Amino acid sequence: MARSTGTRYGTARLRTVALIGVDGSGKTTQAHRLAEALAAAGHPATYHRNAGGRRWLGRAAHRLGRPDAQGLLGRDAMLLVESVLRWLAIAMALLGCLFTGRVAVMDRYAACQYASLRAHGGQRWERLIRAAYRVFPQPQVTFLLTVPPAEAYRRIERRGTDQESLPYLTAADLAYRTLPESPSFVPIDGDRPADQVAREIRAHLAEWVSVDDEPDEPGPQRYRPWLPGPVTALVPIHALPWTTGPVAIQARP
Ligand SMILES: Cc1cn([C@H]2C[C@H](O)[C@@H](COP(=O)(O)OP(=O)(O)O)O2)c(=O)[nH]c1=O
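Residue numbering for the sequence shown is 1 to 253, as defined by the UniProt record's numbering.
(1) To the nearest angstrom, report how far apart arginine 159 and leucine 98 are at their CA atoms.
(2) Look up alanine 206 in the DSSP assignment and say whether it is helix, strand or coil.
(3) Does the Cβ of glutamate 164 have 16 or more other Cβ atoms within 10 Å, making it buried, or fewer, making it exposed?
(4) Using only Cβ atoms and a threshold of 5 Å, which residues come within that distance of a heavy atom of ligand 1? Order them by chain position.
(5) Does DSSP put aspartate 189 in a helix, in a strand, or in coil?
(6) Looking at the secondary structure, which residues open and close the beta strand (DSSP E) in which alanine 18 lies?
(7) So, at 7 Å on beta carbons, what are the nonlocal neighbours of glycine 71 in its own chain, with the 5 sequence-adjacent residues on each side left out?
(8) Leaving aside the five residues before and after arginine 86 along the sequence, list all residues of the same chain whose C-beta is less than 6 Å from its C-beta, in chain order.
(9) Return the first residue and the last residue of the beta strand (DSSP E) that leucine 144 is part of.
(10) Between the region 174-192 and the region 146-153, do at least 3 Cβ pairs fall closer than 8 Å?
(11) Does the beta-carbon distance from histidine 48 to alanine 111 come in below 9 Å?
(12) Buried or exposed for leucine 19, going by 16 or more other Cβ atoms inside 10 Å?
(13) Rounding to the nearest angstrom, what Cα-Cα distance links tryptophan 56 and leucine 88 in this structure?
(14) From which residue to which residue does the beta strand (DSSP E) around histidine 48 run?
(15) Alpha carbon to alpha carbon, how far is glutamine 123 from leucine 117?
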């Protein structure tokens with residue numbers, strides 16, 4: 001019988017994966033898909049929406065006749081509220097996964113808050129917020145989903161649940177690319193069909209799935225969505241058609 005060793009890269013265990021990027025880049029779509037794929041491959045995972053409250057505060061602001069959350073609270077107060085709410089959300093998510101042993105699939109992480117501060121002109125808070133967020137471990141892998149700001153804008157308009165301006169999305173896009181930690185992000189071109197993007201994300205994470213990870217019993221569970229089928233399962237991951245270069249995995253714990 002095969003022994004399951006969990007979701008591992010060498011001796012390290014996959015605990016946290018983060019998806020970051022501007023609004024409309026596809027984080028939520030891909031994070032849900034990734035959590036489902038991990039679970040289907042026998043690696044229990046939980047999706048976490050690490051919201052900063054900007055969307056629901058924006059809806060509240062609308063009801064009160066203000067244009068958005070920032071119009072309601074003011075820029076600095078909004079950035080601080082967002083930073084606190086996101087900090088709490090990340091802390092709860094990490095604690096939950098610590099107790100359950102599940103992989104945390106993070107829809108946004110600390111870097112999103114640093115980018116938000118920069119894109120909203122709140123740089124003077126960055127040192128303070130970074131100090132507060134330093135308690136959080138680096139995710140083993142952080143995917144930066146990239147789409148042209150104009151495409152992100154179109155998607156948000158179609159979604160219809162919130163609003164972002166094109167200049168803001170452009171500033172946020174630049175902020176992500178220029179964060180000091182950006183060299184450690186795995187960039188993923190999100191301006192492609194969602195299936196293709198999901199496959200590339202899974203291909204990067206395939207390095208973490210031990211060969212011992214086959215489930216004990218044969219049957220439907222043996223399907224491993226990391227790879228497209230039994231024939232290609234024997235092909236080295238670097239040779240698969242959707243990989244664009246060496247598999248990039250960040251610092252291991
Ligand atoms: C991933 C993806 C999403 N969408 C849609 C779904 C959503 O309504 C919207 C934004 O996607 P979403 O996953 O919510 O992005 P984010 O979490 O980064 O804000 O765009 C597309 O039209 N094409 C895509 O390839």
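Ideal Cβ placement from N, Cα and C applies to all residues, glycine included. Remember, predicted model here, so these are calculated numbers, not experimental data.
This is what the structure holds:
(1) On the sequence shown, position 159 is the one that residue 159 refers to. On the sequence shown, position 98 is the one that residue 98 refers to. Those two C-alpha atoms are separated by around 33 Å.
(2) Here residue 206 corresponds to residue number 206 of the sequence shown, with the count starting at 1. In the three-state scheme derived from DSSP, where H, G and I count as helix and E and B as strand, alanine 206 is classed as helix.
(3) The residue you call residue 164 lines up with position 164 of the sequence shown. Counting of Cβ neighbours within 10 angstroms places glutamate 164 among the buried residues, the total reaching 16 or more.
(4) Matched residues: Asp23, Gly24, Ser25, Gly26, Lys27, Thr28, Thr29, Arg155, Arg159, Ala194.
(5) As a first step, residue 189 must be located in the sequence shown, where it is residue number 189. The answer is strand: DSSP assigns aspartate 189 an E or B state.
(6) Residue mapping note: residue 18 aligns to position 18 of the sequence shown, counting from 1. Alanine 18 -> beta strand (DSSP E) spans 16-20.
(7) Here the question's residue 71 lines up with position 71 in the sequence shown. In the same chain as glycine 71, and ignoring 5 residues on each side of it, the C-beta atoms closer than 7 Å to its own belong to Ala61, in chain order.
(8) Stepping through the sequence shown from its first residue, residue 86 is reached at position 86. Take arginine 86, set aside five residues on each side of it, and the residues of its chain with a beta-carbon closer than 6 Å to its own are Asn50, Gly52, Gln113, in chain order.
(9) One-based indexing of the sequence shown puts residue 144 at position 144. Counting along the chain, the beta strand (DSSP E) containing leucine 144 begins and ends at 141-146.
(10) At 8 Å Cβ cutoff, the stretches touch.
(11) Reading the sequence shown from its first residue, position 48 is the one you call residue 48. Reading the sequence shown from its first residue, position 111 is the one you call residue 111. No. Outside cutoff.
(12) Counting from one through the sequence shown, the residue named residue 19 turns up at place 19. Counting C-beta atoms within 10 angstroms of its own C-beta, leucine 19 has 16 or more neighbours from the protein chains shown and is therefore classed as buried.
(13) Your numbering for residue 56 matches position 56 in the sequence shown. Your numbering for residue 88 matches position 88 in the sequence shown. Each residue's alpha carbon lies about 16 Å from the other.
(14) Here residue 48 refers to the residue found at position 48 of the sequence shown. That run of the beta strand (DSSP E) goes 45-49.
(15) Taking the sequence shown and counting its residues from 1, one reaches residue 123 at position 123. Taking the sequence shown and counting its residues from 1, one reaches residue 117 at position 117. Those two C-alpha atoms are separated by around 6 Å.
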